[in-house]
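Following: one structure in structure tokens, then a few remarks.
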Amino acid sequence: MIRIFPMTAAHVAAVAELSAACFSEPWSAALIEAEIENPRGEILVAEKDGVFSGFVSLSFVLDEGTINNIAVKKEMRRTGIAKALLLEADRFAAAHGLSFLTLEVRMSNEAAQALYTSCGYESVGVRRAFYQKPTEDALLMTRFYTEERETV
Ligand SMILES: CC(C)(COP(=O)(O)OP(=O)(O)OC[C@H]1O[C@@H](n2cnc3c(N)ncnc32)[C@H](O)[C@@H]1OP(=O)(O)O)[C@@H](O)C(=O)NCCC(=O)NCCS
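Under full-length UniProt numbering, think of the first position of the sequence shown as 1, with each following residue one higher.
Structure follows, in structure tokens:
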């Protein structure tokens, strides 16, 4: 069973470890811990059968939301955990009255792009050389919650 809930101090080390395993410029434990008190954001963690398996980091300004990061432990991928996290992100967006959630993803990251597309995100633009280590363009993807399309 997959359970999704807001991160507590007990999960900081696990989120930091997974972030370090997945990203070339990972967040520090201090940065992750600071998110617990962030009134404009949240890290949601996923547990599968009681075992920490992934997280998504969300933030917003007014009605504009951002997915800062999402990751699932390698050995637990392709079991629907990221999809469950993004479903919970939809609830977060509704609870905060957001018009959209937007994100950047490496051009080469086909797995993440397939995930986002399967969850209703659309490609809306490109940020040239957005990423370092290695340098790479970012694809901008957005999930809109209103009929009226906005330019981001
Ligand atoms: C991207 C990532 C979060 C996906 O997590 P996941 O739990 O394996 O994803 P899910 O099992 O919920 O997959 C849902 C759907 O996304 C798509 N998808 C996910 N991984 C995929 C892959 N490797 N190849 C193709 N499609 C994929 C599929 O449509 C999948 O549905 P299906 O399994 O029924 O075909 C995971 O691969 C990961 O942690 N990658 C490293 C970190 C990362 O790149 N994060 C994104 C930063 S922008």
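Using N, Cα and C, we set each Cβ at its ideal position, and we do this for glycine too.
Residue i (DSSP reduced to helix, strand or coil)
{"i": "residue 157", "result": "Nothing about residue 157 can be reported from this structure: the residues present for the chain run from 1 to 152 only."}
{"i": "residue 137", "result": "strand"}
{"i": "residue 143", "result": "strand"}
{"i": "residue 48", "result": "strand"}
{"i": "residue 91", "result": "helix"}
Host beta strand (DSSP E) of residue i (start-end)
{"i": "residue 34", "result": "Here residue 34 belongs to no beta strand (DSSP E); instead the alpha helix (DSSP H) covers 29-34."}
DSSP beta-bridge partners of residue i
{"i": "residue 66", "result": "59, 102"}
{"i": "residue 184", "result": "As shown, the chain starts at 1 and ends at 152. That puts residue 184 outside it, with no answer to give."}
{"i": "residue 6", "result": "44"}
{"i": "residue 82", "result": "BP columns for residue 82 are empty, so no partner."}
Nearest residue (CA-CA) to residue i, options the options
{"i": "residue 34", "options": "146, 63, 2, 8", "result": "8"}
{"i": "residue 11", "options": "50, 109, 98", "result": "50"}
{"i": "residue 134", "options": "117, 118, 121, 108", "result": "108"}
{"i": "residue 87", "options": "27, 143, 15", "result": "143"}
{"i": "residue 123", "options": "67, 132, 131, 139", "result": "139"}
{"i": "residue 47", "options": "99, 31, 132, 77", "result": "77"}
{"i": "residue 64", "options": "16, 72, 92", "result": "92"}
{"i": "residue 67", "options": "84, 52, 42", "result": "42"}
{"i": "residue 101", "options": "6, 37, 16, 60", "result": "60"}
{"i": "residue 94", "options": "62, 114, 2", "result": "62"}
Continuous alpha helix (DSSP H) stretch holding residue i: start and end
{"i": "residue 114", "result": "110-118"}
{"i": "residue 123", "result": "Residue 123 -> not in any alpha helix (DSSP H); beta strand (DSSP E) instead, spanning 122-131."}
{"i": "residue 21", "result": "12-22"}
Inter-residue spacing [alpha-carbon to alpha-carbon] between residue i and residue j
{"i": "residue 81", "j": "residue 89", "result": "12 Å"}
{"i": "residue 18", "j": "residue 24", "result": "12 Å"}
{"i": "residue 146", "j": "residue 105", "result": "22 Å"}
{"i": "residue 74", "j": "residue 39", "result": "30 Å"}
{"i": "residue 14", "j": "residue 29", "result": "9 Å"}
{"i": "residue 121", "j": "residue 97", "result": "18 Å"}
{"i": "residue 56", "j": "residue 45", "result": "7 Å"}
{"i": "residue 22", "j": "residue 54", "result": "11 Å"}
{"i": "residue 128", "j": "residue 4", "result": "34 Å"}
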